[in-house]
Amino acid sequence: MSVWLPTAPCRPDTCLGERTPEVSQPRRALRLTACLVAVLVGVLLSLPVRLLPYGTRDRLIRLWARVLLRTLGVTVNLGTTGTTGTAGTARAGGASDGGAAVGGSAVGAGAVGADGALVVANHVSWLDIPLLAAGRPGRSLAKTEVRKWPVLGPLVAWGGTVFLDRDRLRTLPDTVAAVTEVLRSGHPVIVFPEGSTWCGRESGRFRPALFQAAVEAGAFVQPVTIRYRLADGRPTSAPAFIGDDGLLTSLARVVAVRGLVADVTFLPPIPPPGPQPTRAGARRELARAAQAAVEGIR
1 MSVWLPTAPC
11 RPDTCLGERT
21 PEVSQPRRAL
31 RLTACLVAVL
41 VGVLLSLPVR
51 LLPYGTRDRL
61 IRLWARVLLR
71 TLGVTVNLGT
81 TGTTGTAGTA
91 RAGGASDGGA
101 AVGGSAVGAG
111 AVGADGALVV
121 ANHVSWLDIP
131 LLAAGRPGRS
141 LAKTEVRKWP
151 VLGPLVAWGG
161 TVFLDRDRLR
171 TLPDTVAAVT
181 EVLRSGHPVI
191 VFPEGSTWCG
201 RESGRFRPAL
211 FQAAVEAGAF
221 VQPVTIRYRL
231 ADGRPTSAPA
241 FIGDDGLLTS
251 LARVVAVRGL
261 VADVTFLPPI
271 PPPGPQPTRA
281 GARRELARAA
291 QAAVEGIR
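Using the UniProt record's numbering, the first residue of the sequence shown is number 1, and each one after it goes up by one.
So, in structure tokens, the structure goes:
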């Protein structure tokens, strides 16, 4: 494992022992079935959807992500904060037992427009990806292992995901170049710069390497904070996908929770840095600014 992509110290046996309210076994089975249907529909439609105009494709991806989250029993609050620190929330519908409570696009006072931006967020769970897609779809950066996941692997690959081999550091420049090209084409790219998932109670340092793509493309950086809690406001690590946790084990844990809420806050965008003595200095400045913004909300 490279220094750039460390392994988080969080482990299921130490971070996932909390008791959470749970739904009945039939309700879990219903959620799993609905989730499978949503994923299969996504797989079937992924190729024709890619042929649609960008704006139409964006709207359909947002809709699909919200439906997927609803099937899992996740209530989603999409919010923005402006430069004054005031917050707004895009929220519609929802239910105490878990429904996707989301409004329109989360792009607002705290987010840049539809042009390319490097979207960076703290990383807790595989749920983070559909959560961000529900507010602002974009091409994701993912580890190569994701390509091998059943059903979801082909889906994310067809979605234009840029894959990174975590164990081969020499491939990093090519990955940065690929992300730079996407940003220059005017499309956002979603990156989790901590390099690994964390339980939510702890967090990792934002690694600066991929911020080089924003420097090269002259793109804004869009920080986003993701927090998971229960309906009564208590934080929860139940959605965390950490250590040697299996995808199916994590999925079963998520669908069992009653009243799971995800708060997704789009923070004020960070413009490209001014002249720096070195390119490394520019990307480090962006990484520090983005992490400070995310931790300021968390």
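Cβ coordinates follow ideal geometry from the N, Cα and C atoms, glycine included. From a predicted model like this one, the values you see are computed outputs, not experimental measurements.
query: Of the residues Gly116, Leu141, Arg31, the one placed nearest Asp128, counting alpha carbons only; result: Leu141
query: In DSSP terms, what Thr180 is bridged to; result: According to DSSP, which records beta bridges pairwise, Thr180 is partnered with nothing at all.
query: Opposing strand residues paired with Ser250 [DSSP bridges]; result: Looking at the DSSP assignment, Ser250 forms no beta bridge with any residue, so it has no partner.
query: Sequence-distant residues of the same chain with beta carbon closer than 8 angstroms to Pro235, five excluded per side; result: Gly200, Arg201, Arg227, Tyr228, Arg229
query: Buried or exposed by the 16-neighbour rule on C-beta atoms within 10 Å, applied to Ser185; result: exposed
query: Alpha helix (DSSP H) runs contained entirely in the UniProt domain "Phospholipid/glycerol acyltransferase" (117-229), provided each spans 4 or more residues; result: 128-135, 152-158, 172-184, 211-217
query: Leu260, DSSP secondary structure in three states; result: strand
query: N- and C-terminal bounds of the beta strand (DSSP E) containing Thr71; result: Per DSSP, Thr71 belongs to no beta strand (DSSP E); it is in the alpha helix (DSSP H), 54-71.
query: Proximity of Val76 and Leu131 at Cβ, strictly below 8 angstroms; result: yes
query: Residues near Asp263 in its chain [Cβ-Cβ closer than 6 angstroms; skip 5 each side]; result: Asn77, Arg227
query: Local Cβ density within 10 Å of Glu216, reported as buried at 16 or more and exposed below that; result: buried
query: Three-state secondary structure (DSSP) of Gly281; result: helix
query: For Val41, the residue or residues it bridges with in DSSP; result: The partner list for Val41 (beta bridge, DSSP) is empty, contrary to what the question assumes.
query: Local conformation of Glu18 per DSSP, three classes; result: coil
query: Beta-carbon proximity of Arg205 to Gln291, cut-off 8 angstroms; result: yes
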